[in-house]
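Top line first, the protein sequences correspond to chains A and B. With the first letter of the first sequence counted as 1, position 50 gets the number 53 in my numbering; the numbers rise by one all the way through. With the first letter of the second sequence counted as 1, position 27 gets the number 116 in my numbering; the numbers rise by one all the way through. C-beta atoms are modelled at their ideal positions from N, C-alpha and C, and glycine is treated no differently.
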Amino acid sequence: MNPAIIINITYIVSVVLFAIGLKMLSSPASARKGNLVSALGMLLAVIATLLTKGLTFQWILVGIVVGSLIGVAAAYFVAMTAMPEMVALLNGSGGLASVLVAWAVYHFAPNSDIFTTITIFLSVLVGGVTFTGSVIAWAKLSEKISGKPFLFAGQKIVNFLILGAILVCGIIYTMHPAANYPIFIGTVILSLILGVLAVVPIGGGDMPVVISLLNSYSGIAACFTGFVIQNTVLIVAGSLVGASGIILTQIMCKAMNRSLTNVLFSGFGSAVQKKGATVEGEIKPITAQDAYLILEAASSVVFVPGYGMAVAQAQHVVRELGELLEANGADVKYAVHPVAGRMPGHMNVLLAEANVPYDHLVDMDQINSNIASVDVALVIGANDVVNPAARHDEASPIYGMPIINVDQAKTVFVLKRSMRPGFAGIENELFYKENTRMLFGDAKESVQGLVAEFKSS
Amino acid sequence: MDPQTLIFLFFIFVLSIFLGVELISKVPSTLHTPLMSGSNAISGITLIGALVSAGTPHNQISTLLGTLAVVFATINVIGGYLVTDRMLAMFKKKAPGDKK
């Protein structure tokens with residue numbers, strides 16, 4: 004049989020495996036198998052491609068060996084707490100690959116027809132933005148640069164000017180692709196700059212949205228590359244990823260009650276915003292001993308983790324405390340807000356790492372419907388996602404954001420390093436409530452203290 | 090590429106977007122991260138294009154660009170799948186008989 008036909012039939016099989024794999028990723032029981040199914044699809048697509056007539060293998064081999072070594076090392080050595088950075092970097096390398104493929108095609112055949120030329124341009128634009136955007140996201144997440152939004156006067160105008168310049172380059176270049184190599188290089192460079200400028204104004208707490216959006220871009224870039232080389236498997240796989248990224252982005256935006264434009268352009272949390280109503284009441288600190296006495300008598304306990312738990316690496320001691328409480332007869336649940344942490348589902352991964360069974364994890368709606376019967380809610384390193392001002396204070400910047408209503412539990416313990424406000428830079432009236440007790444200190448040490456109390460009794 | 094090919098590819102593109110939306114719209118939040126890194130690995134499909142660019146002997150610069158693309162796409166694919174697998178291996182239900 005003609006190798007081209009074998010290749011295309013294999014591509015169909017790959018695409019089906021990708022679709023089935025993604026479907027299986029939507030249930031915890033089948034997710035791991037689903038990932039393998041999709042990896043098998045990728046393997047088949049690669050093998051089929053290597054059957055293409057006239058390929059020489061020396062450089063392919065070099066590339067695959069180098070890439071595999073780096074990929075394997077990265078996947079095994081990354082700490083679970085560093086997962087958001089890792090996902091950002093992987094995203095970036097996918098985007099960069101799209102730029103390079105489009106560039107290689109252009110360099111080889113500069114005089115392509117208009118459609119191919121346009122798709123080369125789009126590949127470079129989306130791939131370039133994905134690459135540098137992801138690198139900036141990585142730098143912010145790993146605190147190589149400040150996670151604070153970086154704003155300057157006329158920022159939006161600058162961004163639009165650059166986008167305009169890219170479009171002008173695109174038009175000139177599409178008219179006479181072969182004669183305009185420098186313009187093409189200009190497009191590459193401007194796209195890379197645009198990626199940087201698009202992500203610097205976005206603050207650390209909005210990273211779940213940015214990461215899902217960049218994930219979507221990397222898919223779209225692959226999809227455009229598929230148009231460039233007229234390859235259906237790239238188009239299908241790329242659009243599947245593009246669609247999944249967009250859906251996750253929407254879920255994240257909804258969880259913050261903000262529009263995508265607001266997340267991308269507002270530089271949320273950058274300046275001291277107009278303050279909501281001033282908070283009254285007094286802070287009531289509590290010692291580990293007293294906290295232990297209340298926990299010991301509690302029959303239902305809910306943990307509410309946030310980014311602070313990831314920073315303090317407290318997930319393992321939290322699980323230990325959870326088990327002690329269960330052994331003590333309490334009903335223990337972990338309530339996870341959709342945007343807690345720095346990427347979608349960040350807390351779930353950390354708790355899974357600490358061996359918390361996933362059926363102990365409940366989402367916001369589930370816990371809110373019976374929060375009043377909870378004896379103790381333990382807030383570990385979460386802040387804005389439990390701020391009651393979101394419910395009633397129209398002046399608050401987070402007004403309207405769905406929150407976990409821990410203030411309605413019988414008792415709330417807040418584990419916090421200091422009284423510093425959360426990412427949004429607003430006071431949290433939860434800390435001043437009648438039923439709230441503050442357990443100050445490093446989250447990990449505080450929980451360890453509680454565990455020690457349980458063990459010594 | 091002639092207009093007919095373009096239309097054909099566009100047709101596939103539109104349907105795939107719909108397929109993607111249908112496949113993903115109901116994923117529990119527990120799986121958001123694995124879904125993201127798993128689909129991220131799929132976006133490394135650019136590897137297919139990179140392989141052809143690196144393997145077609147046309148000129149040095151194209152081969153160089155293609156080889157670099159193979160490196161980055163492979164990082165994306167291998168890293169993405171492995172890290173997703175590592176995460177999913179941790180997602181466990183409470184083992185029966187493990188009651189304390």
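Using 8 Å as the limit for Cβ to Cβ distance, is I164 of chain B near chain A?
The residue you call residue 164 of chain B lines up with position 75 of the second sequence. Yes, I164 of chain B lies at the interface with chain A (some Cβ there is under 8 Å from its Cβ).
Skipping 5 residues on each side, what residues in its chain have a beta carbon closer than 7 Å to that of G186 of chain B?
One-based indexing of the second sequence puts residue 186 of chain B at position 97. Confidence is the limiting factor: at G186 of chain B the pLDDT is only 43, short of 50, which leaves the residue's position unreliable, though a coordinate-based value still follows. None.
Own chain residues within Cβ distance below 6 Å of L418 of chain A, not counting five before or after:
On the first sequence, residue 418 of chain A is found 415 positions in, with the first residue counted as 1. If we look at L418 of chain A and ignore the five residues flanking it on each side, its Cβ neighbours are I383, L442, A446, S449.
Compare the C-beta of I406 of chain A with all C-beta atoms of chain B and state if any pair is closer than 8 Å.
Within the first sequence, residue 406 of chain A is the residue found at index 403, counting from 1. No, its Cβ sits nowhere closer than 8 Å to a Cβ of chain B.
Please check the pair M210 of chain A and P405 of chain A, which I expect to be a contact at CB under 8 Å, by giving their CB distance rounded to whole angstroms.
Locating residue 210 of chain A in the first sequence gives position 207, where the first residue counts as 1. Locating residue 405 of chain A in the first sequence gives position 402, where the first residue counts as 1. Their Cβ separation, rounded to whole angstroms, is 19 Å, which puts M210 of chain A and P405 of chain A out of contact at 8 Å.
So with Cβ pairs under 8 Å, would you call I96 of chain B a contact of chain A?
On the second sequence, residue 96 of chain B is found 7 positions in, with the first residue counted as 1. It does not; no Cβ of chain A falls within 8 Å.
Using DSSP's beta-bridge definition, name the partner residues of D366 of chain A.
Taking the first residue of the first sequence as 1, we reach residue 366 of chain A at position 363. According to DSSP, which records beta bridges pairwise, D366 of chain A is partnered with A:V339.
Quick check on A274 of chain A - is its C-beta less than 8 Å from some C-beta in chain B?
Walking along the first sequence from the start, residue 274 of chain A turns up at place 271. At A274 of chain A the pLDDT is 43, less than 50, meaning the model places this residue with poor confidence and gives no usable figure here.
8 Å Cβ shell around K277 of chain A - same chain, five flanking residues per side excluded
By one-based count along the first sequence, residue 277 of chain A stands at place 274. With a pLDDT of 45 at K277 of chain A, under the threshold of 50, the predicted position of this residue should be treated as unreliable, though the coordinate-derived value follows. Here the set comprises A398, P400.
Which residues share a DSSP beta bridge with M441 of chain A?
As a first step, residue 441 of chain A must be located in the first sequence, where it is residue number 438. Bridge partners of M441 of chain A: A:P288, A:V417.
Should A82 of chain A be flagged as near chain B, meaning a C-beta pair shorter than 8 Å?
Sequence index remark: in the first sequence, residue 82 of chain A carries index 79 (1-based). Chain B contact via Cβ: absent.
Name the chain B residues that come within less than 9 Å of G241 of chain A, Cβ to Cβ?
Translated into positions along the first sequence, residue 241 of chain A becomes position 238. F102, S105, I131, S132, I134, T135, listed in chain order.
Short CB-CB distance (under 8 Å) between T190 of chain A and chain B
The residue given as residue 190 of chain A occupies position 187 in the first sequence. Chain B, which has no Cβ nearer than 8 Å to the Cβ of T190 of chain A, makes this no.
Using the beta-carbon of each residue, which ones in chain B are nearer than 8 Å to T261 of chain A?
In the first sequence, residue 261 of chain A corresponds to position 258, counting from 1. Here the sequence assigns Arg to residue 261 of chain A, which means Thr is not the residue at that position. Simply none; closest approach about 18 Å.
For I15 of chain A and G37 of chain A, what's the separation of their Cα atoms in angstroms?
Translated into positions along the first sequence, residue 15 of chain A becomes position 12. Translated into positions along the first sequence, residue 37 of chain A becomes position 34. Straight-line Cα distance between these residues: approximately 18 Å.
Please list, in chain order, the residues of the region 336-347 of chain A that have any C-beta partner in chain B closer than 7 Å.
V339, P341, M346, P347
Report the residue from A:T190, A:H395, A:D334 whose alpha carbon sits nearest the alpha carbon of V365 of chain A.
Walking along the first sequence from the start, residue 365 of chain A turns up at place 362. Of A:T190, A:H395, A:D334, the residue nearest in Cα terms is A:D334.
Helix, strand or coil: which one does DSSP assign to F306 of chain A?
Mapped onto the first sequence, residue 306 of chain A falls at position 303. Reduced to three states, the DSSP call for F306 of chain A is strand.
With 16 other Cβ atoms within 10 Å as the buried cut-off, status of A343 of chain A:
Along the first sequence, one-based indexing puts residue 343 of chain A at 340. By the 10 Å Cβ count, A343 of chain A comes out buried.
Taking 8 Å as the CB-CB limit, is G208 of chain A close to chain B?
For the purposes of this step, residue 208 of chain A is identified with residue 205 of the first sequence, where counting begins at 1. Output row for G208 of chain A: interface = no.
Using a beta-carbon distance below 8 Å, is L195 of chain A in contact with chain E?
Absence of chain E from the displayed structure is noted, the protein chains being A and B.
Under 8 Å between C-beta atoms of S114 of chain B and I250 of chain A:
What you label residue 114 of chain B is simply residue 25 of the second sequence in a count that begins at 1. What you label residue 250 of chain A is simply residue 247 of the first sequence in a count that begins at 1. Cβ distance < 8 Å, so S114 of chain B and I250 of chain A count as in contact.
Establish whether the CB of T173 of chain B and some CB of chain A are separated by less than 8 Å.
Residue 173 of chain B sits at position 84 when you count from the first residue of the second sequence. Yes - at least one Cβ of chain A is within 8 Å of the one on T173 of chain B.
Using a Cβ-Cβ cut-off of 8 Å, state whether M86 of chain A counts as contacting chain B.
On the first sequence, position 83 is the one that residue 86 of chain A refers to. Taking Cβ atoms only, chain B reaches closer than 8 Å to M86 of chain A, which makes this a yes.
Between A139 of chain B and V104 of chain A, how many whole angstroms is the CB-CB distance? I'm expecting something under 8 Å.
For the purposes of this step, residue 139 of chain B is taken as residue 50 along the second sequence, with counting starting at 1. For the purposes of this step, residue 104 of chain A is taken as residue 101 along the first sequence, with counting starting at 1. Sure, about 5 Å apart at Cβ, within 8 Å.
Beta-bridge pairing of I383 of chain A - partner residues as DSSP gives them
Within the first sequence, numbered from 1, the residue matching residue 383 of chain A stands at position 380. Paired residues: A:P308, A:L418.
Excluding five sequence neighbours on each side, which residues of the same chain lie with their C-beta closer than 8 Å to the C-beta of P123 of chain B?
Stepping through the second sequence from its first residue, residue 123 of chain B is reached at position 34. So the list reads T173, M176, L177, F180, once near-sequence residues are dropped.
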